[in-house]
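These notes are about the structure you will find just below.
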């Protein structure tokens, strides 16, 4: 099956070809025709399965007809983090190049004034993190009753980050008659409850078993012991030493190093710098322009090791 078999317009197909894609992924094969039909979708798919294009491609065609009004977005995409929201915005840039759709990216770390100006001109696609959207709505800059398509992406991460009350509040502002696309990598009971609440007779799509690692990832574990050998396990100092040894021994060219606390990110980052490693850090307390610049440097290879919070 090719993209041409999914019912997409010639303009979208041209943009897809320009991006170098020829064959849709399993989730794209299932989701795109359903979105074009206006069906609600409950999609269980891991990151990296192509689900972003699975909803952006048909949305571009659906929104090609019609015109946005001031402060009244025609579609809404909710993302848990700024980086994911920016990634979705880039997807619309890539695949919507032969359309004249307008979009706004509402995330923290950017001046609110510029975002308000874009919204007041009217946007076809609004991509936002929950907090910033509610902030602008509370200030009277947004009217939500013209939203025809709602996408809730990475729902389980929304749950982990404590955004579900905000998401429920946002959905309560939207019209009942809409298409809702709900995606999650896993389906814990709370996510299933939300899906039942938000969706009407949805078509379920399961691309891979929940909570499985990507097949391209080789997993391993390093056992660390204290220097004196008497205490079980290893302390933080020993773990940092083991990390440095692993990087040297495996001749690691590029690596993402995750910590579960922001302060641990700072400690590991400084430790790597002290020992002569080319490293940078990334966590939520950093200004957005610095986060964006750091990610760009890592992508380009200017930074070898990137220490990140979960």
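In the numbering used here, the protein residues as written are 1 to 310. Ideal Cβ placement from N, Cα and C applies to all residues, glycine included.
Bridge partner(s) assigned by DSSP for residue i
i	result
residue 128	78, 106
residue 305	255, 279
residue 151	77, 181
residue 42	182, 204
residue 69	72
For residue j and residue i, the rounded distance between their alpha carbons
i	j	result
residue 237	residue 299	29 angstroms
residue 141	residue 193	31 angstroms
residue 72	residue 16	29 angstroms
residue 163	residue 51	21 angstroms
residue 266	residue 279	11 angstroms
residue 34	residue 301	39 angstroms
residue 171	residue 134	11 angstroms
residue 190	residue 116	33 angstroms
residue 168	residue 20	38 angstroms
residue 10	residue 66	18 angstroms
residue 201	residue 114	39 angstroms
residue 126	residue 76	5 angstroms
residue 47	residue 107	21 angstroms
residue 297	residue 176	43 angstroms
residue 64	residue 160	35 angstroms
residue 262	residue 32	38 angstroms
residue 240	residue 258	12 angstroms
residue 310	residue 285	13 angstroms
residue 249	residue 144	55 angstroms
residue 148	residue 251	51 angstroms
residue 221	residue 242	11 angstroms
Exposure of residue i, with buried meaning 16 or more beta-carbon neighbours within 10 Å
i	result
residue 218	exposed
residue 59	buried
residue 96	buried
residue 152	buried
residue 61	buried
residue 121	exposed
residue 56	buried
residue 287	exposed
residue 281	buried
residue 22	exposed
residue 154	buried
residue 307	buried
Simplified DSSP assignment, three categories, for residue i
i	result
residue 204	strand
residue 297	helix
residue 241	helix
residue 225	coil
residue 246	helix
residue 143	coil
residue 59	helix
residue 84	helix
residue 13	helix
residue 24	coil
residue 134	helix
residue 98	coil
residue 48	coil
Contacts around residue i, its chain only, beta-carbon distance under 6 angstroms, and the 5 residues preceding and following it disregarded
i	result
residue 204	42
residue 24	3
Sequence-distant residues of its chain with Cβ nearer than 8 angstroms to residue i (five each side left out)
i	result
residue 27	43, 45, 49, 50, 51, 54, 205, 207
residue 277	244, 247, 304, 305
residue 158	78, 80, 130, 152, 164, 167
Nonlocal neighbours in the same chain, by C-beta distance under 7 angstroms from residue i, ignoring five residues either side
i	result
residue 130	78, 163, 166, 167, 170
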